[in-house]
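*Asks:* Mind looking over this structure? Questions follow.
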Amino acid sequence: MMLTFPEFIEYAGTYVLAISGIRLAAAAKVDLFGAVVIGIVTSVGGGTIRDLLLNATPFWMDDPKYFITILVGTASVVIFRNRLVRLENTFFIFDTIGLGMFTLIGIEKTLLYGHPYWVAMILGMITGIAGGITRDILINEVPLIFRKEIYAGACIIGGLAYALFDKFAITSNWADVACVTTVIVIRTVAIKYQLGLPVIQADQPDESNT
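To convert, take the position in the sequence shown, counting from 1, and add 1458; that gives the numbering used here.
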């Protein structure tokens, strides 16, 4: 049976986010079980929170293929671990692609439940970032969203692009492409040129007066 475009995006997003989580877990030197757990949390965490907010059954409970996809992602990291380690930007590539795809998934599912665009953009952002936040906490890292990098903002701007194209484009696929592409481009440009929000720093006490 052929996958529809939304189904392809959802499975592909699950796969790439699982790889990003497992790759980061491997760098943190956790064992295989821990890597699988982190891969699961990364790829389904955001969607689970979204579905609970929508008062819906979490998507992975109705379809075991999501866990099969995660296991395939785990196997990919194990089999190709030497090549993935040599690729310095492996985590960034998979995390950014997954961020764009899951932002789109969150937006479209929220709209399907009859909510307005602004709610869809917020839940799209949550779908994209919540799994990564949980992943970073589990490996004792400061979550990316709380660092200087542009992360959640890319999801919001991607949501705006979706809304514009959904209103004025001839086909809905243009809105899908616009959303994912916008998130990926913004994240890539922000990293390349080190763009980000200012970091709040407390003034250091003047020790000369003590």
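Here a beta-carbon is modelled for each residue, glycine too, at the ideal position from N, C-alpha and C. Remember, predicted model here, so these are calculated numbers, not experimental data.
Could you spell out the range, first to last residue, of the alpha helix (DSSP H) harbouring Gly1471?
*Replies:* On the sequence shown, residue 1471 is found 13 positions in, with the first residue counted as 1. Run containing Gly1471: Phe1463 to Ala1485, per the alpha helix (DSSP H) assignment.
*Asks:* Let me know if Ala1533 comes out buried or exposed under the rule of 16 or more other beta-carbons within 10 Å of its beta-carbon.
*Replies:* Sequence index remark: in the sequence shown, residue 1533 carries index 75 (1-based). The residue in question, Ala1533, is exposed, as its Cβ has fewer than 16 Cβ neighbours within 10 Å.
*Asks:* Compare the C-alpha of Thr1640 against each of Phe1626, Leu1622, Tyr1651 and Val1657 and name the closest.
*Replies:* For the purposes of this step, residue 1640 is taken as residue 182 along the sequence shown, with counting starting at 1. It is Leu1622.
*Asks:* Report, in whole angstroms, the separation of the C-beta atoms of Gly1410 and Arg1593, which I expect to be a contact under 8 Å.
*Replies:* Residue 1410 lies beyond the residue range present for the chain, which begins at 1459 and ends at 1668; the question has no answer from this structure.
*Asks:* Would you identify the three-state DSSP class for Glu1566, choosing helix, strand or coil?
*Replies:* Counting from one through the sequence shown, the residue named residue 1566 turns up at place 108. If DSSP states are grouped into helix, strand and coil, Glu1566 belongs with the helices.
*Asks:* With Arg1593 as the anchor, note down where its alpha helix (DSSP H) starts and where it stops.
*Replies:* Residue numbering aside, residue 1593 sits at position 135 when the sequence shown is read from its first letter. It spans Tyr1575 to Leu1596 - the alpha helix (DSSP H) in which Arg1593 sits, taken as one unbroken run.
*Asks:* CA-CA distance, Met1583 and Ile1614?
*Replies:* As a first step, residue 1583 is located in the sequence shown; it is residue number 125 there, counting from the start. As a first step, residue 1614 is located in the sequence shown; it is residue number 156 there, counting from the start. If you take the alpha carbons of Met1583 and Ile1614, they lie about 6 Å apart.
*Asks:* Between Tyr1473 and Gly1531, how many whole angstroms is the CB-CB distance? I'm expecting something under 8 Å.
*Replies:* Sequence index remark: in the sequence shown, residue 1473 carries index 15 (1-based). Sequence index remark: in the sequence shown, residue 1531 carries index 73 (1-based). So it is a contact: roughly 5 Å between Cβ atoms.
*Asks:* Exposed or buried, which one is Arg1645 when buried takes at least 16 other CB atoms within 10 Å?
*Replies:* Looking up residue 1645 in the sequence shown gives position 187. When all chains shown are included, Arg1645 counts as buried.
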